[in-house]
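Colleague: The structure that follows is given in the form of structure tokens.
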Amino acid sequence: MKKNPPITELTKQNLNDAFWELYCTKRIEKITIKEITMKAGYNRSTFYEYFSDVYDVLEQIEDQLISKLQELPLKQLSPQTDSFPLEALVKIFSKHGHVLGILLGDQGDPAFQGKIKASMRPMIKEVLLAQGAIDDFELEYTLEYALSAMIGVLSYWFGQDEKSPSIEELVKLLTELSERGIIKKLKGEE
1 MKKNPPITEL TKQNLNDAFW ELYCTKRIEK ITIKEITMKA GYNRSTFYEY FSDVYDVLEQ
61 IEDQLISKLQ ELPLKQLSPQ TDSFPLEALV KIFSKHGHVL GILLGDQGDP AFQGKIKASM
121 RPMIKEVLLA QGAIDDFELE YTLEYALSAM IGVLSYWFGQ DEKSPSIEEL VKLLTELSER
181 GIIKKLKGEE
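Letter 51 of the sequence shown, counting from 1, is numbered 51 in the UniProt record's numbering, and no numbers are missing.
As structure tokens, then:
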């Protein structure tokens, strides 16, 4: 008997949603397959059609987000453009903020930040090399610094209340920090 793809996707999404509801309130070690299936309204065998265990659900959610980040229009930058597409990055982060905020927060997966950096680093490096950057240790460490800083700022932004800056204000700040440097910004120099 052939499965109906829309129903199959809906079932998987329902299991994902049930997991996510639990993950937002407790650590992954405390989540059981029984809780997920009861919340989603399925049995354990249905769960195992889609996932090997609770950690597999989390990994698949993370992989979906990583694939969205890999859709960033980085390759559209021309060699004459100096700016990094921060706005596109922040918009993707903002669109998936409810999930990213949890994954990058205290309750989240500590390895997820590393996965984001590992997926974005080659794309950004390719663009920078096409713009004339030299492939050496300085480029590697600068990329690590920039990616860690951006992800850190975005994680902090997700954790803040309504008084947080708008997306536009955040993009402006990150652009200023990238183009003018952090020390000048801290000292108030323009």
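Glycine included, each C-beta is placed from N, C-alpha and C at the ideal position.
Below 8 Å on the Cβ atoms is my contact criterion, and I expect K125 with E62 to pass it. Report the Cβ-Cβ distance as a whole number of Å.
Modeller: Not really, about 22 Å apart at Cβ, beyond 8 Å.
Colleague: Return the chain-ordered list of same chain residues with a C-beta closer than 8 Å to the C-beta of T37, the five sequence neighbours on each side being excluded.
Modeller: Excluding positions up to five away in sequence, the list reads L15, A18, N43, R44, T46, F47.
Colleague: Counting Cβ pairs, one atom from each stretch, are 3 or more of them under 8 Å apart for the region 49 to 66 and the region 87 to 101?
Modeller: Taking 8 Å as the limit for Cβ pairs, the verdict is that the region 87 to 101 does touch the region 49 to 66.
Colleague: Using a 10 Å radius around the Cβ and a threshold of 16 neighbouring Cβ atoms, would you call A130 buried or exposed?
Modeller: A130 comes out exposed.
Colleague: Am I right that S119 and Q70 are in contact with their C-beta atoms under 8 Å? What's the rounded C-beta distance?
Modeller: Their Cβ separation, rounded to whole angstroms, is 6 Å, which keeps S119 and Q70 in contact under 8 Å.
Colleague: Sort K184, K26, Q13 by Cα distance to F51 and report the nearest one.
Modeller: The option with the nearest alpha carbon to F51 is Q13.
Colleague: For E162, which three-state DSSP category applies?
Modeller: Reduced to three states, the DSSP call for E162 is coil.
Colleague: May I ask you to report which of helix, strand or coil DSSP gives K26?
Modeller: Coil at K26, not helix or strand.
Colleague: So is L22 buried or exposed if we call it buried at 16+ other beta carbons inside 10 Å?
Modeller: Looking at its Cβ environment, which holds 16 or more other Cβ atoms inside 10 Å, L22 is buried.
Colleague: Can you tell me which of the three DSSP states Y42 falls into?
Modeller: Coil, per DSSP.
Colleague: Straight-line CA distance for E140 to A149?
Modeller: One C-alpha to the other measures close to 14 Å.
Colleague: Can you round the beta-carbon distance between W157 and S164 to whole angstroms, since I take them to be within the 8 Å contact cut?
Modeller: Yes, they are in contact, since the Cβ atoms of W157 and S164 sit about 6 Å apart, within 8 Å.
Colleague: Using a threshold of 8 Å, state whether the C-beta atoms of D109 and L154 are closer than that.
Modeller: It is not a contact, given that the beta carbons lie outside the stated cut-off.
Colleague: What residue does the alpha helix (DSSP H) around T175 start on, and which one ends it?
Modeller: Element bounds for T175: 167 to 180.
Colleague: Could you have a look at Q60 and say whether DSSP puts it in helix, strand or coil?
Modeller: Residue state, collapsed to three classes: helix.
Colleague: Determine the contact status of I151 and K172, defining contact as a CB-CB distance below 8 Å.
Modeller: Not closer than 8 Å, so no.
Colleague: Could you tell me the alpha carbon to alpha carbon distance between P6 and E176, rounded to whole angstroms?
Modeller: Rounded to the nearest angstrom, the two C-alpha atoms are 45 Å apart.
Colleague: Can you tell me the Cα-Cα spacing of G97 and D136, whole angstroms?
Modeller: Approximately 34 Å, taken between the alpha carbons.
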